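A.B. asks:
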Amino acid sequence: MLKVAIVDDQALVRQGIANLLSLHPQLELLWQLDSGLKVTDKLAAAPVDVLLMDIRMPGLSGIETVQQLRQYKHDCKVIILTTFDDPELFIQAMQAGANGFLLKDIDTDKLHQAIFAVAQGQTLAEPVLLNQLNAQQLSTFSDPGIELLTAREKEILKLIAGGFSNKEIAEAIFLAPGTVKNHVSSLLAKLKTRDRTRAVLKALSAKII
142 MLKVAIVDDQ ALVRQGIANL LSLHPQLELL WQLDSGLKVT DKLAAAPVDV LLMDIRMPGL
202 SGIETVQQLR QYKHDCKVII LTTFDDPELF IQAMQAGANG FLLKDIDTDK LHQAIFAVAQ
262 GQTLAEPVLL NQLNAQQLST FSDPGIELLT AREKEILKLI AGGFSNKEIA EAIFLAPGTV
322 KNHVSSLLAK LKTRDRTRAV LKALSAKII
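Here the sequence shown is numbered in the working numbering, starting from 142 and rising by one per residue.
1) Just the C-alpha distance for residue 208 and residue 290, rounded to the nearest angstrom, thanks.
2) With the cut-off set at 7 Å, would you say residue 258 and residue 265 are in Cβ contact?
3) With 16 other CB atoms within 10 Å as the buried threshold, where does residue 235 fall?
4) Excluding the five sequence neighbours on either side, which residues of its own chain have a C-beta within less than 7 Å of the C-beta of residue 187, listed in chain order?
5) Using alpha carbons as the reference points, say which of 344, 293, 288 lies closest to residue 281.
6) For residue 153 and chain C, any beta-carbon pair shorter than 7 Å?
7) Closest to residue 227 by C-alpha separation, out of 268, 340, 325, 285, would be which residue?
8) Alpha carbon to alpha carbon, how far is residue 273 from residue 182?
9) Three Cβ pairs or more, each shorter than 8 Å: is that satisfied between the stretch 303-314 and the stretch 193-206?
10) Can you check the stretch 194-226 for any beta strand (DSSP E) of at least 3 residues that lies completely inside it and give the ranges in chain order?
11) State the Cα-Cα distance for the pair residue 263 and residue 164, rounded to the nearest angstrom.
12) Run through the stretch 234-276 for me and flag every whole beta strand (DSSP E) of 3 or more residues, listed as ranges in chain order.
13) Rounded to whole angstroms, how far is the Cβ of residue 248 from the Cβ of residue 217, which I believe are closer than 8 Å?
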């Protein structure tokens, strides 16, 4: 079971998300708050694996709450859920230490998948946001490790950016799935990240995608 919490100032939104969580037998909604002000205290008393949080709330915004959590060394995963498809807010959320940035019109299956993905160490972002990032915003994710990638690793990274799974990549470039998995592990290690989204952002910054 993954323990989940919701932080949103709108009661109807909290209830809607709670209803979606209840549809999955391996997700347990532990608590809800209407503000970021008491999140650190609540986490200390009742830790959760994943926190679903609104970005704009009175008192303490979602981004400010994430910053506070990371300052206090809280390692729970945080998914920002918002109605604002603003690339600048996405950048700020990533810099603060968020693990995901998704729009509130997300469907049930995608929400469930997102929760399990971030719990496993991945970073998630809406593709529409990645496509809107300009050069200056992308420079935030620049990484000299890009220069260490082989031609094959760059090819695979481009397919990852296209949303291909390891199996689909293997079929596309005629490699064994195990070989693709090794290449992915290698390129992630060179880019010093554990998830595909941040690798894609670094590749976009270097203009290899």
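Virtual Cβ for every residue (Gly too), placed ideally from N, Cα, C.
All of these numbers come straight from a predicted model, not from anything done at the bench.
C.D. replies: This is what the structure holds:
1) 32 Å
2) yes
3) buried
4) 171, 172
5) 344
6) Structure shown: chain C not included; a single protein chain is present.
7) 268
8) 36 Å
9) no
10) 218-223
11) 23 Å
12) 241-244
13) The pair is not a contact, with the Cβ atoms about 24 Å apart (cut-off 8 Å).
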